[in-house]
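Report on the structure given below.
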Amino acid sequence: MTGVGRWLAWPLEPLHLSCCLLVLALLAFALRRRRSALALIGVSLAWSLLWSLPAASNALRNSLALRYPPQSAQSMPTVDAIVVLGGGIGSVAWFEQGDPNDPRLAGNRVALGARAWHDGRAPWVLLSGGPTSRTHGVSEAREMAAAMRKLGVPERALVLDERSRSTGDNARNSAHSARTHGWRTVALVTSSLHMSRARALFERQGLQVLPLPSAEKDFEPAPKHGAASPWWPTRRALRRSGEAFKEYAGLLAARLGVES
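Counting from 1, one number per residue, gives the positions in the sequence shown under the UniProt record's numbering.
Written as structure tokens, this is what we have:
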């Protein structure tokens with residue numbers, strides 16, 4: 001996310017907002033507004049505590065993810081191209097068997113794109129993602145292409161966008177590829193959590209989008225015997241809540257037409 005979307009997202013992340021409220025509390029103390037300061041401290045702590053609860057975090061993420069439940073590629077009509085967005089492809093070892101139906105790849109977006117191609121949903125697969133800190137200078141598109149080839153998708157069917165560093169870039173560069181190849185309809189493969197924002201941005205670029213979401217399965221795990229309950233705060237839940245707020249901010253920016 002870049003531009004206005006990032007500025008909208010920053011204060012919505014629970015820790016960021018809590019820090020801002022604590023700064024205001026210090027200012028209130030300096031102005032001898034003790035009650036106001038204590039109220040701000042209380043709201044600050046309560047806000048971060050709420051979104052560090054796995055139950056609250058999962059509910060927040062579900063509010064986006066359940067808009068686009070996972071579906072089989074076989075159930076969708078044919079399109080001109082399948083667009084797979086970067087975002088981490090998992091362990092390379094998962095692709096070594098060359099089976100896109102491997103249970104370990106059930107929620108993997110690269111495997112979902114490969115299954116859609118094998119099912120004859122489109123003749124082309126566009127892989128969109130630039131270099132990240134995780135990939136050490138190699139583009140996500142190139143990583144996904146290597147995985148696709150292991151899953152039986154031939155080089156001739158692959159188109160790589162190695163320049164995108166945000167969802168807005170994904171949309172703009174995909175639209176450029178669509179004009180170049182004469183595509184009009186695309187199946188968009190990304191996570192259920194991310195699909196609302198991605199679809200809005202792709203449609204703003206004039207593409208006809210059929211959502212093909214991968215499963216939002218990485219919830220805070222259900223408690224095991226002796227484990228903490230979903231009402232016990234965790235740092236992981238707090239981080240995941242921040243990710244969901246980021247998606248909401250990006251979706252708002254996209255609908256306002258200010259995502260850059």
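Note that CB positions come from ideal geometry on N, CA and C, so glycine has one too.
C-alpha distance - residue i paired with residue j, whole-angstrom precision
i: alanine 93; j: proline 100; result: 13 Å
i: leucine 12; j: phenylalanine 245; result: 6 Å
i: arginine 149; j: histidine 118; result: 12 Å
i: glycine 206; j: serine 57; result: 34 Å
i: glycine 88; j: serine 139; result: 11 Å
i: alanine 25; j: tryptophan 10; result: 19 Å
i: arginine 235; j: aspartate 80; result: 42 Å
i: threonine 135; j: leucine 127; result: 15 Å
i: proline 14; j: alanine 59; result: 15 Å
i: glycine 129; j: asparagine 173; result: 10 Å
i: arginine 35; j: proline 70; result: 49 Å
i: residue 265; j: alanine 178; result: In the structure displayed, the chain extends from 1 to 260; residue 265 sits before or after that span and is not available.
i: arginine 156; j: histidine 16; result: 46 Å
i: serine 75; j: proline 154; result: 23 Å
Proximity test, residue i beta-carbon vs the ligand SAM heavy atom, cut-off 7 Å
i: serine 128; result: The ligand SAM is absent from the structure shown, which contains no ligands of any kind.
Own chain partners of residue i with C-beta closer than 8 Å, once the 5 adjacent residues on each side are dropped
i: residue 265; result: Within the shown structure, residues of the chain are numbered from 1 to 260, placing residue 265 beyond reach of any answer.
i: alanine 73; result: Leu112, Arg115, Ala116, Asp119, Arg121, Ala187, Leu212
i: leucine 193; result: Arg61, Leu64, Ala65, Glu216, Glu243, Ala244, Glu247
i: threonine 78; result: Gly120, Arg121, Ala122
i: arginine 109; result: Val84, Leu85, Gly87, Ile89, Val189, Thr190, Ser191, Ser214
i: leucine 40; result: Leu21, Leu22, Leu24, Ala25, Ala28
i: tryptophan 232; result: Leu53, Pro54
i: arginine 67; result: Ser192, Met195, Ser196
Residue i, enclosing alpha helix (DSSP H) - first and last residue
i: proline 211; result: Per DSSP, proline 211 belongs to no alpha helix (DSSP H); it is in the beta strand (DSSP E), 208-211.
i: alanine 178; result: 167-181
i: alanine 198; result: 192-204
i: tyrosine 68; result: Looking at the DSSP string, tyrosine 68 is not in any alpha helix (DSSP H), and its letter there is neither H nor E.
i: tryptophan 51; result: 34-51
i: alanine 147; result: 140-150
i: serine 241; result: 235-256
i: histidine 136; result: That residue, histidine 136, is in no alpha helix (DSSP H); it is neither H nor E in DSSP.
i: alanine 25; result: 14-30
Close Cβ partners of residue i (< 7 Å) along its chain, the five nearest in sequence each way excluded
i: arginine 142; result: Leu160, Glu162
i: phenylalanine 95; result: Ala147, Lys150, Leu151
i: arginine 197; result: Thr167, Glu247, Gly250, Leu251, Ala254
i: alanine 145; result: Leu127, Leu158, Leu160
i: valine 209; result: Val186, Leu188, Arg199, Phe202, Glu203
i: glycine 98; result: Lys150, Leu151, Gly152
Short CB-CB distance (under 8 Å) between residue i and chain C
i: serine 44; result: This model lacks chain C altogether; it includes just one protein chain.
Range covered by the beta strand (DSSP E) that runs through residue i
i: leucine 158; result: 158-161
i: alanine 122; result: Element bounds for alanine 122: n/a, residue is neither H nor E.
Proximal residues to residue i (C-beta, below 6 Å), its chain only, five neighbours per side dropped
i: glycine 257; result: none
i: cysteine 20; result: none
i: serine 18; result: Ser44, Trp47, Ser48
i: arginine 104; result: Trp94
i: proline 131; result: Gly137, Ser139
i: alanine 171; result: Leu201, Phe202, Gln205
i: alanine 37; result: Ala25, Ala28, Phe29
i: proline 230; result: Pro54, Ala55
Residues that residue i bridges to, as DSSP identifies them
i: leucine 188; result: Val83, Pro211
i: leucine 127; result: Val84, Leu160
Within the chosen definition, does the region 159-167 reach the region 194-205 through at least 3 CB pairs nearer than 8 Å? As far as the Cβ criterion goes, the region 159-167 touches the region 194-205, which means the pair count is three or higher.
Examine the Cβ distances between the region 51-63 and the region 234-244 and report whether three or more of them are shorter than 8 Å. Yes: the two stretches touch, three or more of their Cβ pairs being nearer than 8 Å.
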